[in-house]
DNA sequence: GTATTATCTAAGTCT
DNA sequence: TAGATAATAC
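In our numbering, the protein residues as written are 3 to 785.
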C-alpha cells in the first residue's frame with residue numbers, strides 16, 4: 003500500500019495513515035520518485051508540520067537522489083513557506099519586504115494598548131481572549147470589515163458582553179499594518195488576499211508548484227485549506243496525508259472537516275489507507291485502539307500490527323507529583339540497566355509544560371541527562387528578546403513593539419511619560435513613532451530640549467546600525483549592536499547568577515549568528531535568489547546579513563530547537579504531547595494521567611473538546627515502540643497549593659488485560675525518603691509544608707488530607723495560630739542584631755513556621771519592625 | 001526618572 | 001508559584 007501511494011504521483015491523492023504506518027516514508031519516496039522521473043525539484047512544494055520535519059525529510063531524500071536535487075525542493079511549514087513568498091510579493095499588499103513577524107507576546111502587547119486607548123476594561127476584554135477571537139476570525143478568512151458586518155458574530159459578541167471586539171480587531175489590524183508587522187495568522191490570511199486579488203501572482207505560483215504535498219493534513223485550518231486548494235487548481239497534483247485520530251490542534255482552528263471537503267473537491271480522488279503499524283507492539287496498538295474507540299466522531303479505520311505482543315502497559319500510582327518524578331526516574335534507571343538502553347531511547351510526555359519540574363529534579367538527582375523541548379525557549383528569554391528587538395528595529399524602524407521594548411533599555415532617561423507623549427504625537431499625525439524621531443531636527447513637537455537630545459541620540463545610534471545592515475555581515479553587526487547599545491556591559495556588570503547566565507545567553511546568540519554567517523546551518527528552503535531559476539535573481543551578494551538571519555529565526559518552533567545539541571547528545575527527552583507529534587521512542591512515559599489535567603479541566607465542557615483530549619492521549623500512546631508506562635499522582639502542587647487528584651478517565655478506557663496495575667497498599671516504588679518527599683524525613687517537611695501552603699480553595703479541616711495530623715502540633719496550636727518561641731536557630735529573645743538599613747535593635751518576639759519565621763525587633767533608630775528572618779540578613783551582635 | 005517593594009492575578013496545547 | 005503591575009521611596 004505504501005508503494006502504491008508513492009507511485010500515484012498524478013492527480014489528487016489522499017493518504018489516510020494510521021499512527022506508525024510509515025507516512026513519512028511514503029512522502030519521502032514519493033518525492034524521490036518524482037525527482038527520478040525527471041520532475042524539477044523547483045516545481046515541488048511540500049508542506050510539513052515543523053521545520054524540523056522538513057529538514058529531516060530533505061536529508062532522507064538527499065540520501066536517495068543526491069544533495070544537489072534535494073536542495074532545491076521547496077519544503078517547510080505553511081507559515082515559513084508563505085512568509086517567504088509574502089516577502090517577495092509584499093509590496094503588492096502595501097507592506098515592505100522587511101516586514102516584521104509579531105509573535106504572540108507582541109500581538110498581545112499591541113492589543114493591550116488598543117484596549118486601553120479605546121477606554122475599555124482589560125478585565126472584560128482580556129488580551130489573550132481577544133487575541134484568540136481575532137485569530138479565529140483570520141483563520142476563517144474574515145477581515146475586520148466582514149467581522150463587523152457579520153450578524154451572527156455580532157450577536158455572539160453582544161451575548162458575551164464584548165460588543166466592541168470588532169473595533170478592537172480594526173484598530174489592531176491598522177496598528178500592525180502601520181508597524182509593518184504581520185502576526186502568525188496574517189501570514190496565512192495575507193497569502194490568501196494575495197492569491198485572491200492578484201490573478202497573475204496566483205497563476206505564477208500555480209505553475210511553479212506543479213506538485214504539492216501536505217503532511218499532517220488533519221491539522222490544517224480553513225485558511226490553509228483555501229491556499230492549498232487555490233495553488234493546486236491548475237494541475238491538481240495534490241497529495242495530502244493525514245490521520246483524523248491524530249487531530250490535536252482544534253484550538254488553533256484545525257478542522258477535520260478539511261478531509262471531508264477534500265473528497266468533495268476532487269471527485270476523481272484516489273484514496274489510500276495505511277493501516278498496518280510498523281512501530282509499536284501489539285499491546286500498544288490495541289491500547290490505542292481501545293482508547294480512540296470511545297470517540298464518536300471518527301473515520302472507519304483498523305490499525306493493526308504484525309509486531310510482537312510486547313510487555314503490558316505499566317501503571318505507576320504515587321502519592322505526590324514529586325514521588326511521580328522519582329518513580330519515573332527510577333524506572334528509567336532500571337530499564338537502562340536491564341535492557342541496556344540508551345538515554346535517548348526514552349521520552350517523558352506530559353500535558354502541560356509546568357509538569358516538567360518534578361521530573362527534571364528527579365532526573366537531575368539521579369544523574370540522568372535529559373533535554374526539555376518547549377517551555378521557555380531560547381528566543382523567548384528576556385535578554386534575547388531585548389537584543390533581538392534592536393535587530394528588529396534596525397531592519398524595520400516602523401516596528402513599534404520593538405521600539406517600546408528598547409527605547410529605554412538599557413536605561414537612557416526616556417521614561418513612560420515621554421513614551422506616552424510620543425505615542426500621542428504619532429497618533430495625531432498618523433505616523434510611526436520612529437518617524438517622529440526622524441522629524442526632531444525640524445520640529446520640536448512641544449518636547450523639551452533635554453528629551454529631544456536623548457531621543458535624537460537614540461535615533462542616531464539606530465541609524466548608524468541601519469547603515470551597516472547591508473555592508474556588514476550579521477555577526478559583525480550583531481556584535482556592534484550588543485556592544486554599542488551597552489547591553490553587554492549592562493549584563494556583564496550584573497554579578498548575580500541570573501545576570502551571568504543572561505550574559506552567556508547573549509554570547510550564545512552571537513555564536514549562533516556566527517555559525518549562520520559562516521553558513522554552517524542548513525537552510526530549509528532554497529535561497530530566494532534562485533527561487534525562480536534566475537527569473538528574480540537579485541545581485542547575488544554572498545554577504546549573510548542580519549535581516550536574513552532574522553527571517554530564519556522568526557518562525558522557529560519548539561521542535562526545531564535542537565540546534566544547540568549539535569553532538570546529537572544521548573539524553574532523555576521531555577516534552578508535551580503536542581510537541582511529540584510525529585516522533586517515536588522505544589520507551590515512553592506518559593505522566594500526570596489525572597482528571598482535570600489530562601483531560602484538561604478546560605476540555606470537560608464540550609464533547610468535541612474532550613474528544614480532542616482523547617486524540618491527544620492516542621497520540622501519546624502511539625509514540626511508544628517497545629514499552630509504554632503511564633503514571634498518575636494522588637496529589638499535586640498547582641500554583642503553590644496542594645490539590646487532590648483523581649485518576650484520569652482515559653486509564654479506564656484501556657482494556658484491563660493490557661495493563662499492569664500497581665498493587666494497592668504498597669508504595670509503588672522505593673524512593674529516596676529524605677529529600678523531596680515532604681513527610682519522609684523528620685525535618686525536611688518544613689521546606690514544603692507550612693500553614694500558608696495549605697490549599698486555599700478548600701476549607702482547612704478537610705484540605706490537608708495528605709499532610710499527617712501530627713505535623714500540625716509542631717508549629718501551630720490547635721486553633722492553627724502560630725506560637726511564639728524562645729529561639730529560632732541562633733536567634734534568641736533579647737539578643738541584639740544589626741540590619742543593614744535599620745541599624746541595631748533588640749529581638750522582642752519570635753514566631754512563625756519554617757520557612758517564614760518572623761522576628762519582631764525594636765530598632766534604636768526607627769522603632770519596632772517585624773521581619774522575616776529568611777530575608778532580613780541580620781547580623782547577631784550580642785547573643 | 002529610576003529602583004525597590006508590595007500586591008495582584010493567572011493558571012493549556014503552538015505557528 | 002511566578003510574572004506583571006502598581007505603589008513607594010529616593
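The beta-carbon is built from N, C-alpha and C at its ideal position, and this holds for glycine as well.
- In this structure residue 214 is in contact with residue 230, their Cβ atoms being roughly 7 angstroms apart against a cut-off of 8 angstroms.
- Residue 242 carries a strand assignment under DSSP once its states are collapsed to helix, strand and coil.
- For residue 602, DSSP records a beta bridge to 598, 599.
- Beta-bridge partners assigned by DSSP to residue 275: 18.
- Within the model, the alpha-carbon separation for residue 475 versus residue 490 is close to 19 angstroms.
- Going by beta carbons, residue 254 and residue 385 fall outside the 8 angstroms limit.
- Residue pairing by DSSP puts residue 307 in a beta bridge opposite 279.
- Annotated three-state conformation of residue 323 is helix, per DSSP.
- When the five nearest sequence neighbours on each side are left out, the beta carbons in the same chain lying within less than 6 angstroms of the beta carbon of residue 7 are those of 17, 28, 274, in order along the chain.
- Residue nearest to residue 235 within the set 248, 452, 211, 222 is 211 (criterion: CA-CA distance).
- A straight line joining the alpha-carbon of residue 160 with that of residue 149 spans about 13 angstroms.
- Rounded to whole angstroms, the gap between the alpha carbons of residue 44 and residue 520 is 25 angstroms.
- Secondary structure at residue 651: helix, using DSSP grouped into helix, strand and coil.
- Contact between residue 628 and residue 283 holds: their C-beta atoms lie close to 6 angstroms from each other, under 8 angstroms.
- In this structure, the beta-carbon distance from residue 404 to residue 180 does not fall below 8 angstroms.
- By the neighbour-count criterion, in which a residue is buried when 16 or more other Cβ atoms sit within 10 angstroms of its Cβ, residue 269 is exposed.
- With contacts defined by Cβ atoms closer than 8 angstroms, residue 276 and residue 461 do not form a contacting pair.
- For secondary structure counted as the beta strand (DSSP E) over 3 or more consecutive residues, the stretch 74 to 119 holds these complete runs in sequence order: 76 to 79, 102 to 104.
- Ranked by Cα distance from residue 766, the first of 783, 781, 747, 782 is 747.
- Bounds of the alpha helix (DSSP H) holding residue 6 are 4 to 9.
- Judged by DSSP secondary structure, residue 469 falls within the alpha helix (DSSP H) whose first and last residues are 451 to 470.
- Close CB contacts of residue 306 within its chain, under the 8 angstroms cut and outside five residues either way in sequence, are with 277, 278, 279, 287 (chain order).
- Distances from the alpha-carbon of residue 589 to those of 650, 656, 346, 646 put 346 closest.
- Between the stretch 183 to 195 and the stretch 84 to 93 there are three or more inter-stretch CB-CB distances shorter than 8 angstroms, so the stretches are counted as touching.
- Contact between the stretch 59 to 79 and the stretch 103 to 118 is absent, with fewer than three C-beta pairs closer than 8 angstroms.
- With 16 or more neighbouring CB atoms inside 10 Å of its own CB, residue 23 falls in the buried class.
- Listed as beta-bridge partners of residue 485 by DSSP are no residues whatsoever.
- When Cβ pairs closer than 8 angstroms are counted between the two stretches, the stretch 606 to 613 is seen not to touch the stretch 575 to 593, the count staying below three.
- Between residue 431 and the set 204, 420, 445, the nearest pair of CA atoms involves 445.
- Counting other Cβ atoms within 10 Å of its Cβ, residue 485 stays below 16 and is therefore classed as exposed.
- Under the DSSP assignment, residue 145 falls outside any alpha helix (DSSP H); it carries neither an H nor an E label.
- Counting along the chain, residue 251 sits inside no beta strand (DSSP E), nor does DSSP assign it H or E at all.
- Within the same chain, Cβ atoms closer than 6 angstroms to the Cβ of residue 301 are found at 246, the five residues on either side in sequence being excluded.
- A residue is called buried once 16 or more other Cβ atoms fall within 10 Å of its Cβ, and residue 133 is buried on that count.
- When secondary structure is reduced to three states using DSSP, residue 215 falls in the strand class.
- Beta bridge pairing from DSSP links residue 591 with 350, 631.
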